[in-house]
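What follows is a short report on a single structure.
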Amino acid sequence: MKPSVVKAQPQDVLKDASMIKQKQMMAAHYDRLTQAPETGAKVASTFVPGNLNELIMCFDLVNNLPEVNAIQSGLRKQSGAYIMEAERAGHSEDVCTYVKSDIGMMMKGNIGPNGKKLPDPDVLLLSYTGCFTFLKWFELLREQYKCPTIFLQTPYMADGKVTPNMIQYMVKQLKEDVIPTLEQVSGVKFDIDRLREYLKKSAQAEDDLVYILQTGKNKPSPIDAYFGGIYYIGPIFGAFRGTDDAIEYYRFLREEVDERLAKGLGPVTPDGPMAEEKYRLVVEGPPNYTSFRQFWKMFYDEGATVVASSYTKVGGTYDFGFRHDPDRPLESLAEYCLGVYTNRSLPMRIDMLCNYINEYEADGLLINSIKSCNSFSAGQLLIMREVEKRTGKPAAFIETDLVDPRYFSAANVKNRLESYFQMVEQKRSGKGAAA
Amino acid sequence: MTGKTVSEIVAYCEDLFDDLNFTSAREWKKAKPGRKVIGYMPIYVPRELIHAAGMLPLGIMGGGDNLEVIHGDAYYQSYICRIPRSTVELGVSGRLDFVDGMLFPSICDVIRNLSGMWKTMFPHVYSKYFDVPQTYKDEIGGVFYTGEMRELLHDLEEIAGHEITDDDIRASIEVYNENRRAIAELYALRAQKPWQAPASEAYLVIRAGLVLPVEEHTKVVRDYIAAAAAEERPLKDNSRVILTGMFCEQPPLNLIKSLELSGCYIVDDDFVLVSRWLIGDVPTEGDPVHNLSQAFLHRSMSTAAKYEPNQVEKGQFLVRAVKATGAEGVIFASTSFCDPALLDRPILQNVLKQAGIPYIAFKYAENSGQMQPIREQAGTFVDSIKLWSAA
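Heads up: the sequence lines are chains G and C, in that order.
Just so we're aligned, residue 3 is where the first sequence starts under the numbering used here, counting upward by one.
Just so we're aligned, residue 152 is where the second sequence starts under the numbering used here, counting upward by one.
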């Protein structure tokens, strides 16, 4: 039996219970951050890919993620003004808009999504993996905050493998630079058993995350692994990996997804449950956040569900078996950083996307190419051709930006998507004729 | 080349610069059976290791403004710089079909991803992303870098089909030391008497080092220094400026000439940085790979693609260069869509502001054709420097 589509009023955005729970968790985290001056908690700014949340928690530091702040500004339609503020101050129109949104927000008083001022970081943990821009971003922030900056370099997985030299390099950095400086900044002595405990919890939540993301293999998929996926990855990519909250959230989410799976339901969209799953897509690249809902609507209005995406691997790739390992704590943190999606070579990314198309029985690949993000974008046109060639499935290319509203052209994106869905139909009918 | 005039030497170098089929490198390879050529991109690779393997390191700095990019644009979105698209064009059009391997150094996400594209597009050609440390402690970054160089050496041995000994590497270090000394002399001459060795000429002379065997190039540089110092050239009422931001995609030659025509003496720059990356001689005694690592960690240039661990030190290389060369201002010339250069620029500009050093900024691409706005901007900058210094 097909579920009936519930059309919500524009003001009544429908959310899963898990989405509401996730939102509450994020709100609580922002409160913890903005209350830091009162509670005396110290703050570590760091990045999503290469986020060492378990280690940060070992020093009682509160994790602040500038990318997530930029996303929040994008969702709240504030990033455009922040970006222009940064450009007026001399930042080039050509560069990453996450950086400019963050800098613009800082220039405008650093007001967080809860309407309260975000505290200045006590330390910048420049855990650099997958994106060169991070390095410059924290050089820019260091100039403003003049706080200690810890650098953790993750070598690039260019040859599709992790070498002993890479692991040794990272573990040495952790032992000799990162941990001693975090001890100094926080005044807390490092306890490796505490780290092991957190890592054990991480692995537990990671198991559930993988299970949830892999439910996209079902028909219909009970999840949207791109738009919905962004909610799903929030806690584990952010400040909750290694916590009981994360374990609880992913268990709750798993039960919710299982329930939909058992009933043969599709994902819940802001306008209600998906009706018929007409197209199954794999999406490569980050989403647009300034028109997030409008963008999503272009998919679900056409009956398109994203069954797998690369973006949900940008803060950690778990679906090939990696889990944080309490028995090898520092090595495990190194392997985590090495394995994030954008730290994987282009051939590895092509293989992953081809596998997703095959394993998730997708109709094709859609690339959302982000103007801001060379790490993702440089090479995507080759990725598109290769995936088409290897899978025989159609691929399409759209261009938007993360948080710069000037680069989201709704009409263009919609046209491209409609053409793409027609292409998928033609491919199907062509196949039918051949058979 | 001894006894040749400046114009003869510069014309020779310009022919090499214009030759997008890399004829001289092809001829070098053809001259002896078994010779191999290894291409590399900006900013830096330890060319000594390639040389020690008996191979020719070939610098690939994109296609410049004379290459018509037909296929390359199909690989890149409009918001990505030009060097990868023209490099892809060189590859797809067969201009690099004699190259036995390609190295893509750690510089930015675009060149990094190009390393994987190359593997996909040219699966039968050796290609390697060459990672370098961004941390500079001997026991951490040094050990990692030594490991990366040893891995490269291992690969080069396989391609060469013979072992590369420490003595081979020591000999190559000495040859490159000689080249670095010659280039340092050329830069010193240009800083002292920029009218004798203008940047547009020096650039061509340095660039010749990307395609020539290093021994030959050292001779070209020395011949040029001798010829340029001997030639009488008029001193103009120009301003001395430093050009920065050109460490990867190279400017069109016309851009450098335009800056000179607008009244700039370019007394320092970051063109073709590979040739000056290591500062001073690399010791030839002891473990040569360790010596190269030490030079990289502790005696190498500063640029936007390199992390500066010390906030106080950030950008000071420019202030020091201004003092050392007597420059009166700095021109930030960055490639369009170059994340490292453009993100670094505001930090460096603040450093200059605090040091009271005037600057201007503009963007370019390797195929920029319209020089009038740049000439006007640079001309105004020079005029304002003259006015300020007069006041």
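All C-beta atoms, glycine included, are put in the ideal place defined by N, C-alpha and C.
On a Cα-Cα basis, can you pick out the residue from the options that is closest to residue i?
| i | options | result |
| --- | --- | --- |
| Thr271(G) | Val285(G), Arg253(G), Asp303(G) | Asp303(G) |
| Leu142(G) | Asp495(C), Ala529(C), Ser540(C) | Asp495(C) |
| Glu479(C) | Leu503(C), Met300(C), Val463(C) | Leu503(C) |
| Leu267(G) | Thr307(G), Tyr358(G), Met159(G), Glu208(G) | Thr307(G) |
| Phe1(G) | Ser81(G), Ile58(G), Ala310(G) | The requested residue 1(G) does not occur in the structure, where chain G is confined to residues 3 to 437. |
| Glu420(G) | Met300(G), Ala19(G), Pro407(G) | Met300(G) |
| Gly312(C) | Asp166(C), Gly205(C), Trp539(C), Cys489(C) | Gly205(C) |
| Ala83(G) | Val426(G), Asp406(G), Asn370(G) | Asp406(G) |
| Leu304(C) | Leu200(C), Ile324(C), Ser323(C), Asp374(C) | Leu200(C) |
| Arg351(G) | Asp327(G), Glu388(G), Ala336(G), Asn71(G) | Glu388(G) |
| Ser158(C) | Ile234(C), Ala353(C), Leu241(C) | Ala353(C) |
| Lys484(C) | Glu400(C), Val239(C), Trp179(C), Val326(C) | According to the sequence as given, residue 484(C) is Ala; it is not Lys. Measuring from the Cα of Ala484(C), the nearest candidate turns out to be Glu400(C). |
| Gly252(C) | Val326(C), Cys232(C), Asp260(C), Phe281(C) | Phe281(C) |
| Gly545(C) | Lys180(C), His449(C), Tyr416(C) | Because chain C here runs from 152 to 542, residue 545(C) falls outside it and cannot be looked at. |
| Thr271(C) | Glu87(G), Gly381(G), Arg90(G) | Gly381(G) |
| Gln523(C) | Leu406(C), Asp319(C), Ile262(C), Val425(C) | Leu406(C) |
| Ala377(C) | Leu340(C), Tyr277(C), Leu499(C) | Leu340(C) |
Report back the beta-carbon spacing between residue i and residue j to the nearest angstrom; my notes put them in contact at under 8 Å.
| i | j | result |
| --- | --- | --- |
| Gln74(G) | Pro115(G) | 4 Å |
| Gly147(G) | Leu120(G) | As written in the sequence, residue 147(G) is Tyr, which differs from the Gly given in the question. Contact doesn't hold; Cβ gap of about 11 Å is too wide. |
| Asp321(G) | Val164(G) | At roughly 17 Å, the Cβ-Cβ gap does not stay under 8 Å, so Asp321(G) and Val164(G) are not in contact. |
| Asn330(C) | His368(C) | 6 Å |
| Val243(C) | Val188(C) | No, Val243(C) and Val188(C) are not in contact; Cβ-Cβ is about 18 Å, not under 8 Å. |
| Met386(G) | Phe399(G) | 6 Å |
| Val533(C) | Ile508(C) | That pair is no contact at about 15 Å. |
What is the DSSP secondary structure of residue i, reduced to helix, strand or coil?
| i | result |
| --- | --- |
| Tyr32(G) | helix |
| Asp318(C) | helix |
| Met108(G) | helix |
| Ser103(G) | helix |
| Ala43(G) | coil |
| Gly223(C) | helix |
| Ala437(G) | In this prediction, Ala437(G) has a pLDDT of 35, which is less than 50 and means its spatial position is unreliable; what the coordinates show is noted afterwards. In the structure shown, Ala437(G) sits in coil (DSSP, three-state: anything other than H, G, I, E or B). |
| Met276(G) | coil |
| Thr292(G) | coil |
| Thr435(C) | coil |
| Ile169(G) | helix |
| Glu145(G) | helix |
| Pro345(C) | coil |
| Pro513(G) | In the structure displayed, chain G extends from 3 to 437; residue 513(G) sits before or after that span and is not available. |
| Lys118(G) | coil |
| Val7(G) | Low confidence applies here, because Val7(G) scores a pLDDT of 41, under 50, leaving its location unreliable; read the following figure in that light. Looking at Val7(G) - three-state DSSP - the assignment turns out to be coil, as it is neither helix nor strand. |
| Cys164(C) | helix |
| Asp321(G) | coil |
| Phe239(G) | helix |
| Gly507(C) | coil |
| Ser377(G) | helix |
| Ala377(C) | helix |
| Phe229(G) | helix |
| Met522(C) | coil |
| Asn405(C) | helix |
| Ala516(C) | coil |
The ligand SAM and residue i: does the residue's C-beta get closer than 7 Å to at least one heavy atom of that ligand?
| i | result |
| --- | --- |
| Pro407(G) | Within the structure as shown, the ligand SAM is missing, as the structure has no ligands at all. |
Starting from the beta carbon of residue i, find every residue of chain D whose beta carbon is closer than 7 Å, and list them in chain order.
| i | result |
| --- | --- |
| Thr131(G) | Chain labels in this structure do not include chain D; the protein chains are G and C. |
Checklist entry - At a cut of 8 Å, does the region 452–460 of chain C reach the region 366–383 of chain C through at least three beta carbon pairs? => result no
Checklist entry - What residues in the region 192–225 of chain C bring their beta carbon closer than 7 Å to a beta carbon of chain G? => result Ala225
Checklist entry - Taking three-plus beta-carbon pairs below 8 Å as touching, is the region 222–239 of chain G in contact with the region 254–269 of chain G? => result yes
Checklist entry - Which of the residues in the region 478–512 of chain C, read from start to end, lie with their CB under 8 Å from any CB of chain G? => result Ser485, Ser487, Phe488, Cys489, Asp490, Pro491, Leu493, Leu494, Asp495, Arg496, Pro497, Ile498, Gln500, Asn501
Checklist entry - Between the region 227–256 of chain G and chain C, which residues of the former have CB atoms less than 7 Å from a CB of the latter, in chain order? => result none
Checklist entry - At a Cβ cut of 8 Å, what residues of the region 142–165 of chain G count as close to chain C, listed as they run along the chain? => result Leu142, Arg144, Glu145, Lys148, Thr151, Phe153, Gln155, Pro157, Tyr158, Ala160, Asp161, Thr165
Item to check | Interface residues of the region 263–281 of chain C facing chain G [CB-CB below 8 Å] | outcome: Arg263, Asn264, Leu265, Ser266, Gly267, Met268, Lys270, Thr271, Met272, Lys279, Tyr280
Checklist entry - For the region 459–473 of chain C, which residues have a beta carbon sitting closer than 8 Å to at least one beta carbon of chain G? => result Glu459, Pro460, Gln462, Lys465
Checklist entry - With a cut-off of 8 Å, do at least 3 Cβ pairs link the region 275–293 of chain G to the region 363–373 of chain G? => result yes
Checklist entry - Quick one: any contact between the region 223–230 of chain C and the region 152–164 of chain C, if contact means 3 or more CB pairs under 8 Å? => result no
Next on the checklist: Tell me which residues of the region 378–398 of chain G have at least one Cβ-Cβ distance to chain C shorter than 8 Å, keeping chain order.
Outcome noted: Ser379, Ala380, Gly381, Gln382, Leu383, Leu384, Glu388
Checklist entry - Does the region 60–79 of chain G touch the region 186–205 of chain G, meaning 3 or more C-beta pairs lie closer than 8 Å? => result yes
Checklist entry - Which of the residues in the region 84–107 of chain G, read from start to end, lie with their CB under 8 Å from any CB of chain C? => result Ala91, Gly92, His93, Ser94, Asp96, Val97, Cys98, Val101
Checklist entry - Taking Cβ-Cβ distances below 8 Å as the criterion, which residues of the region 170–202 of chain G are in contact with chain C? => result Gln170, Tyr171, Lys174, Gln175, Glu178, Asp179
Checklist entry - Using 8 Å as the threshold, is the region 419–427 of chain C in touch with the region 279–299 of chain C, meaning 3 or more CB pairs across them? => result no
Next on the checklist: I want to know whether the region 212–224 of chain C touches the region 511–519 of chain C - three or more CB-CB distances under 8 Å.
Outcome noted: yes
Item to check | Residues in the region 426–441 of chain C having any Cβ partner in chain G nearer than 9 Å | outcome: none
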